[in-house]
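Heads up, the thing below is written out as structure tokens.
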Amino acid sequence: MANVTVIGAHWGDEGKGKIVDWLASRADAVVRFQGGHNAGHTLVVGDQVYKLSLLPSGIVTGTLSIIGNGVVLDPWALQSEVAKLESQGVTITPDNFALADNCALILPMHRDLDGLRETAAGSGKIGTTGRGIGPAYEDKVGRRAIRVCDLAHLDKMDPQLDRLCAHHDALLAGFDQPPVDRAKLLDELREIAPFVLQFAQPVWKRLKKVRKAGARILFEGAQGVLLDVDHGTYPFVTSSNTVSGTAASGSGLGPNSTGFVLGIVKAYTTRVGSGPFPTELGDTDGQRLGERGHEFGTVTGRQRRCGWFDAVLVRQSCAISGVTGIALTKVDVLDGFDSVKICTGYRLRGKIMDYFPAHSADQAAVEPIYEEMDGWSETTAGARSWADLPANAIKYIQRIQELIETPVALVSTSPEREDTILVRDPFID
Ligand code: GDP
Ligand code: IMO
Ligand code: MG
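Each residue of the sequence shown is one higher than the one before, starting from 16 at the first, in my numbering.
So, in structure tokens, the structure goes:
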């Protein structure tokens, strides 16, 4: 298949960045199609660590990197990320980086509103990244957003600002906050506009050309299926569709462009932020997963909640997102456990369930049914071939494959780019 779409099959942080970086050298273009700088993708190449939130992970290998229309873009976050990567020796120019001119912007008022709402919600908070993602997507679908292309027309912004401020001023009044400072906002936009506009273009047209030339496109998802605004653990989700289908709408290519859908799946489960998590562990096993896996958020530094592998959730994610094959990451984190558990079903008020129900009260009430397997004392860390894996690790991977009804295409055994086992090349039929 010419193209590959990488998506997270859990609640994010599955290791998408590492896998996209590994695949990027085989691709001609890498495209982000949803989310914003709520994402945190970590790439480890030798002794260099790159942390990307907005830029596609292909930028580090110098592959043409594109931000599609489905992304919400904070121009100031983009500027500081570009500066940070340049300080690490990465070159970013309009030759290797393009930005959709129809991307909706995240403005300072969105970030502020995100924070005000979370504080007001108290213990009922979503646990957002505080980046203004939800409010920015609301303005986009509410037809009030300021978009990248508007930065070239800041002198004619009055009608748009009237619309935007009428909405936000009312919301701010509800929080006892002063109205939007329009003059300040316009000044800030004027200052950042030349930086953003140097990269802006009709990305759909660029991608059409790339595709016509027979190039390989790698789509890089952010977050994960369980954070999808339709299919995830609503309302404890992000505000975009994170499923593979969004690669088409969020980049301006048709649905036949997504190619091989590679679901990234951790060998156990983590979640950051609030919301149901059936296999969450509050014991020493959970602590051990967090410590061995260094489970702290890339964006907010928050401790990630940890639990056993949940085959019900992953089977559901794979079905919903049309996953062709998975990349199983962080298998090395399970090294040294005497036994490992896999959730194979749920019990909900005495009834057995083979899927995760939609209602949040039911999601919170399901009890996992576990299957226990022998662990392995040998190390898998750094393994680069199937033959390097201990027999019990292979059994574990094969059992996961069976339960989720989806084959394993890649296995990752450390944060380092090359510590990856290729089972089936997603770029080849
Ligand atoms: P993403 O958001 O899906 O890109 O994932 P993050 O980068 O937020 O979190 C994954 C973390 O696990 C990062 O720190 C990676 O460097 C690390 N990582 C990725 N794959 C592996 C692996 O196979 N083993 C180990 N130990 N760490 C990994
Ligand atoms: P990557 O791409 C993990 C979570 C937040 C919160 C919910 C809503 O690194 O996998 P938002 O700020 O999007 O409105 O927050 O979504 N969340 C993520 N969790 N990884 C991410 O991205 C996330 N992006 C958002 O913690 O629960
Ligand atoms: Mg992350």
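Using N, Cα and C, we set each Cβ at its ideal position, and we do this for glycine too.
- In the same chain as Gly305, and ignoring 5 residues on each side of it, the C-beta atoms closer than 7 Å to its own belong to Gln318, Arg319, Cys321, in chain order.
- Note on geometry: alpha-carbon atoms of Ala136 and Leu128 lie some 12 Å from one another.
- Residue pairing by DSSP places Pro383 opposite Tyr361 in a beta bridge.
- Going by DSSP, Leu38 is part of the alpha helix (DSSP H) stretching over 31-39.
- Put simply, the region 48-55 does not touch the region 269-288. Fewer than three CB pairs are less than 8 Å apart.
- With respect to the 9 Å criterion, Val35 and Leu233 are classified as neighbours on the basis of their beta carbons.
- In the DSSP assignment, Glu306 falls within the unbroken alpha helix (DSSP H) covering 299-307.
- In this structure, DSSP gives Ala230 a state outside helix and strand, which the three-state scheme calls coil.
- Residue pairing from DSSP places Gly322 in a beta bridge opposite Thr284, Glu295.
- A distance below 7 Å between beta-carbons, with the five flanking residues on each side excluded, links Arg41 to the following residues of its chain, in chain order: Arg231, Phe442.
- Look at the beta carbons and you see the region 251-262 touching the region 320-338: at least three pairs across the two are nearer than 8 Å.
- At a threshold of 8 Å, Leu58 counts as near the ligand GDP, since its beta carbon sits closer than that to one of the ligand's heavy atoms.
- The C-alpha of Asp434 is placed about 6 Å away from the C-alpha of Thr428.
- By the beta-carbon neighbour count (other beta carbons within 10 angstroms, threshold 16), Ala115 is buried.
- When secondary structure is reduced to three states using DSSP, His56 falls in the strand class.
- Relative to the non-hydrogen atoms of the ligand MG, the Cβ of Thr313 comes within a distance shorter than 8 Å of at least one.
- If you draw a straight line from the Cα of Ser332 to the Cα of Gly104, it comes to about 37 Å.
- Cβ neighbours of His183 within its own chain (closer than 7 Å, five residues either side excluded): Met124, Val195.
- Judged by beta-carbon spacing, Val329 lies beyond the 9 Å limit of Thr253, meaning their Cβ atoms are not closer than that value.
- Just so you know, the alpha carbons of Ala119 and Asn84 end up roughly 7 Å apart.
- The C-beta distance from Phe48 to Ala262 rounds to 5 Å, short enough to meet the 8 Å contact threshold.
- Of all alpha-carbon atoms in Asp89, Trp91, Leu67, the one lying nearest the alpha-carbon of Ser80 is that of Leu67.
- With a cut-off of 8 Å, the C-beta of Ile419 is classified as distant from the ligand IMO, since no heavy atom of the ligand falls inside that distance.
- For Ala136, the Cβ stays outside the 8 Å cut-off from all heavy atoms of the ligand MG.
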